[in-house]
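Asker: In the UniProt record's numbering, the protein residues as written are 1 to 210.
First, the structure itself, so that you have it in front of you.
This is the structure:
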């Protein structure tokens, strides 16, 4: 089992958010700590008044999952958590390895699709209703995807219990954007831009590349 983060580091993270007003995403990037881990610390603080690590679980394999319906619902609710985080959230003291076996037993695999966190669900439903009134040939889907030269492999190998530390630049470097439109199953307006571009640029440039 990986060594938990020190209480001193946890204190710095919580202080940066609650006292210095930093965003969780900023602290996550600065200290190379996952956003989910920070959320767990804040949740534990709200529930117990402290964010210290949970005590080590006793050895042995007698801590099992027996209520599979309950575990299936649990996995559905916390599907975005890691196995270690699921083990911390489960009502009984179990290991991440037990969680791994349980997820495999109920047939769950790793996958994730992102949506926009700040989206307005009411506006989304209104937009879907508007689309249903338009003929297919009047609906054009425009999408953009980009690749940054700053992208690096997210993992590194090191001795058990020790983290692999590396440096990364968060400044804007090179970026290539690919833009295309789809209308009535026909691909159109495909082009690339050798720089960062926003939504306004994408919409204004698309008609010129049909």
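Cβ coordinates follow ideal geometry from the N, Cα and C atoms, glycine included.
1) Round the Cβ separation of residue 141 and residue 182 to the nearest angstrom and send it over; I've been treating them as touching at under 8 Å.
2) Just the C-alpha distance for residue 42 and residue 34, rounded to the nearest angstrom, thanks.
3) Which same chain residues, not among the five before or five after residue 72, have their C-beta less than 8 Å away from its C-beta?
4) Within its chain, find whatever has a CB closer than 7 Å to the CB of residue 28; leave out the 5 residues flanking it on each side and keep chain order.
5) Compute the Euclidean distance between the alpha carbons of residue 9 and residue 16, then round it to the nearest angstrom.
6) When the Cα atoms are used, what is the spatial distance from residue 103 to residue 113?
7) Hey, residue 180 and residue 143: beta-carbon distance below 8 Å or not?
8) For the alpha helix (DSSP H) containing residue 8, list its first residue and its last residue.
9) Among the candidates 194, 186 and 167, whose CA atom is the shortest distance from the CA of residue 177?
10) Between residue 51 and residue 14, what straight-line distance do the alpha-carbon atoms span, to the nearest angstrom?
11) Nearest CA to the CA of residue 78: which residue from 55, 111 and 46?
12) Would DSSP call residue 127 helix, strand or coil?
13) Since I believe residue 31 is in contact with residue 88 (beta carbons under 8 Å), could you give me their beta-carbon distance rounded to a whole number of angstroms?
14) Just the Cα atoms here: how many angstroms apart are residue 164 and residue 91?
15) By the three-class DSSP mapping on this structure, what secondary structure does residue 117 have?
16) Note down the Cα distance separating residue 97 from residue 131, rounded to an integer number of angstroms.
17) Look up residue 78 in the DSSP assignment and give the residues it is bridged to.
Answerer: Based on what the coordinates show:
1) In the chain shown, residue 141 corresponds to position 141, counting from 1. In the chain shown, residue 182 corresponds to position 182, counting from 1. Right, the Cβ-Cβ distance comes to about 5 Å (below 8 Å), so this counts as a contact.
2) By one-based count along the chain shown, residue 42 stands at place 42. By one-based count along the chain shown, residue 34 stands at place 34. Each residue's Cα considered, the two are about 13 Å apart.
3) By one-based count along the chain shown, residue 72 stands at place 72. Excluding residues within five positions, the ones whose Cβ falls inside 8 Å are 106.
4) One-based indexing of the chain shown puts residue 28 at position 28. Closer than 7 Å at Cβ, skipping near neighbours: 34, 35 and 38.
5) Indexing the chain shown from 1 puts residue 9 at position 9. Indexing the chain shown from 1 puts residue 16 at position 16. About 11 Å.
6) Here residue 103 corresponds to residue number 103 of the chain shown, with the count starting at 1. Here residue 113 corresponds to residue number 113 of the chain shown, with the count starting at 1. Spanning the two alpha carbons is a distance of roughly 19 Å.
7) The residue given as residue 180 occupies position 180 in the chain shown. The residue given as residue 143 occupies position 143 in the chain shown. Going by C-beta atoms, residue 180 is nearer than 8 Å to residue 143.
8) Counting from one through the chain shown, the residue named residue 8 turns up at place 8. 7–18 is the extent of the alpha helix (DSSP H) around residue 8.
9) Walking along the chain shown from the start, residue 177 turns up at place 177. With distances taken between Cα atoms, residue 177 lies closest to 194.
10) Here residue 51 refers to the residue found at position 51 when the chain shown is read from its first residue. Here residue 14 refers to the residue found at position 14 when the chain shown is read from its first residue. In a straight line, the C-alpha of residue 51 is about 9 Å away from that of residue 14.
11) Translated into positions along the chain shown, residue 78 becomes position 78. The shortest C-alpha separation from residue 78 is found at 111.
12) Locating residue 127 in the chain shown gives position 127, where the first residue counts as 1. If DSSP states are grouped into helix, strand and coil, residue 127 belongs with the helices.
13) What you label residue 88 is simply residue 88 of the chain shown in a count that begins at 1. What you label residue 31 is simply residue 31 of the chain shown in a count that begins at 1. Contact flag wrong, Cβ pair sits at about 19 Å.
14) Walking along the chain shown from the start, residue 164 turns up at place 164. Walking along the chain shown from the start, residue 91 turns up at place 91. Between residue 164 and residue 91, the C-alpha separation is close to 31 Å.
15) Taking the first residue of the chain shown as 1, we reach residue 117 at position 117. Of the three classes helix, strand and coil, the one that applies to residue 117 here is coil, per DSSP.
16) By 1-based counting over the chain shown, the position of residue 97 is 97. By 1-based counting over the chain shown, the position of residue 131 is 131. Going by the C-alpha atoms only, they are around 46 Å apart.
17) Against the chain shown, residue 78 aligns to sequence position 78. Residue 78 pairs with nothing; no bridge assigned.
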